[in-house]
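Q: Mind having a look at this structure? Questions to follow.
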Amino acid sequence: MVSIGGVGVMVLGALVAGTAAVLLALALRARLGTVTAVSVSGLLWSLVAIALVTLVPTRPDVGIVPAETRSESCSWDYGGPTGAAFEVLGFDQRTLNVLLFVPAGAFLVLALGRWWSGLVLAPVGLGLLAAYSLAIELTQLQLARIDRACDVTDLVDNVLGAGIGFVVGLVLLPVLTPWRGRRADH
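Structural data, given as structure tokens:
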């Protein structure tokens with residue numbers, strides 16, 4: 001049996017996805033302008049990074065988690081178990097869940113800020129980020145092998161992070177002016 005997991009796999013995946021995102025940004029730059037090209041690529045990279053962090057097992061030695069022992073439903077205990085058991089750089093799990101979605105929310109606004117249709121599409125995209133978080137939680141529930149737990153607190157924290165990122169994107173929009181696109185780059 002081959003086990004894949006751990007922080008090293010997550011970091012390697014993020015680096016590979018980051019390289020692909022840089023190449024995509026370079027390819028899109030001439031057509032969309034630097035701000036929009038970087039934002040589209042950054043949004044795609046952040047979605048991949050979110051999937052890596054939330055769906056790759058935290059340890060390579062997890063092994064098979066028998067289906068009989070996995071949870072049958074999502075935890076509805078808001079605030080749930082304390083995130084103190086999982087810390088990175090002094091941040092607890094709840095803070096990390098919020099921070100994980102901030103870039104996606106910001107890049108979403110900046111990627112769509114070039115067009116007037118972004119006024120409608122950006123809020124729809126925010127809803128899709130919430131749906132993405134829900135899909136991740138449901139995947140965690142169904143895939144016993146990854147030894148993750150479906151939790152409503154994670155969903156709320158993720159949506160909060162996307163919302164904070166959305167506001168950050170709105171603040172950056174008039175500064176970065178993606179609608180100037182190619183004219184400003186030449």
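Residue 99 in the UniProt record's numbering sits at position 99 of the sequence shown; the count goes up by one each step and never skips. Positions of the beta carbon are idealized from the N, C-alpha and C atoms, including for glycine.
#1: Going by other Cβ atoms of all chains shown within 10 Å of its Cβ, with 16 needed for buried, is Gln93 buried or exposed?
#2: State the beta-bridge partners of Asp151 as determined by DSSP.
#3: Using the Cα positions of Gly12 and Gly113, report the straight-line distance between them to the nearest angstrom.
#4: Here's the rule I'm using: 16 or more other beta-carbon atoms within 10 Å means buried, otherwise exposed. How should Leu126 be labelled?
#5: So, using beta-carbon positions, are Val152 and Ser75 closer together than 9 Å?
#6: Return the CA-CA distance between Ala130 and Gly42, expressed in angstroms with no decimal places.
#7: Would you mind stating whether Gly165 and Val109 have Cβ atoms separated by less than 9 Å?
#8: Quick check on Gly113: does DSSP put it in helix, strand or coil?
#9: Find out if the Cβ-Cβ distance for the pair Val35, Leu176 is shorter than 9 Å.
#10: For Gly5, which option in Val53, Gly33, Arg31 and Ser46 has the closest C-alpha, if you only look at C-alpha atoms?
#11: To the nearest angstrom, how far is the alpha carbon of Tyr132 from that of Ala27?
#12: What did DSSP end up calling Ile50 once you bin it into helix, strand or coil?
#13: Buried or exposed for Leu173, going by 16 or more other Cβ atoms inside 10 Å?
#14: Could you please give the first and the last residue of the uninterrupted alpha helix (DSSP H) stretch that includes Leu32?
#15: Enumerate in chain order the residues of its own chain whose CB-to-CB distance from Asp185 is below 6 Å, with the five nearest sequence positions on each side excluded.
#16: Can you list, in chain order, the residues of its chain with a C-beta nearer than 8 Å to that of Cys150? Leave out the 5 residues immediately preceding and following it.
#17: Just the C-alpha distance for Gly8 and Ala14, rounded to the nearest angstrom, thanks.
#18: Just curious, the alpha helix (DSSP H) that Glu137 is in, first and last residue?
A: Reading from the atomic positions:
#1: buried
#2: As DSSP reads the structure, Asp151 sits in a beta bridge with Ser75.
#3: The identity of residue 12 in the sequence shown is Leu, whereas the question assumes Gly. Rounded to the nearest angstrom, the two C-alpha atoms are 31 Å apart.
#4: The residue is buried, with at least 16 neighbouring Cβ atoms inside 10 Å.
#5: yes
#6: 18 Å
#7: yes
#8: Under the three-state reduction of DSSP output, Gly113 falls in the coil class, being neither helix nor strand.
#9: Yes; because the gap between Cβ atoms is below 9 Å, this pair is in contact.
#10: Val53
#11: 26 Å
#12: helix
#13: buried
#14: Val7 to Leu32
#15: Because the pLDDT of Asp185 is 44, which lies under 50, any placement of that residue in the model is unreliable, and the number read from its coordinates should be weighed accordingly. Within the same chain, Asp185 has close Cβ partners Gly33 and Thr34.
#16: Ser71, Ser73, Cys74, Ser75, Glu137, Leu138, Gln140 and Leu141
#17: About 10 Å.
#18: Per DSSP, Glu137 belongs to the alpha helix (DSSP H) from Gly118 to Gln142.
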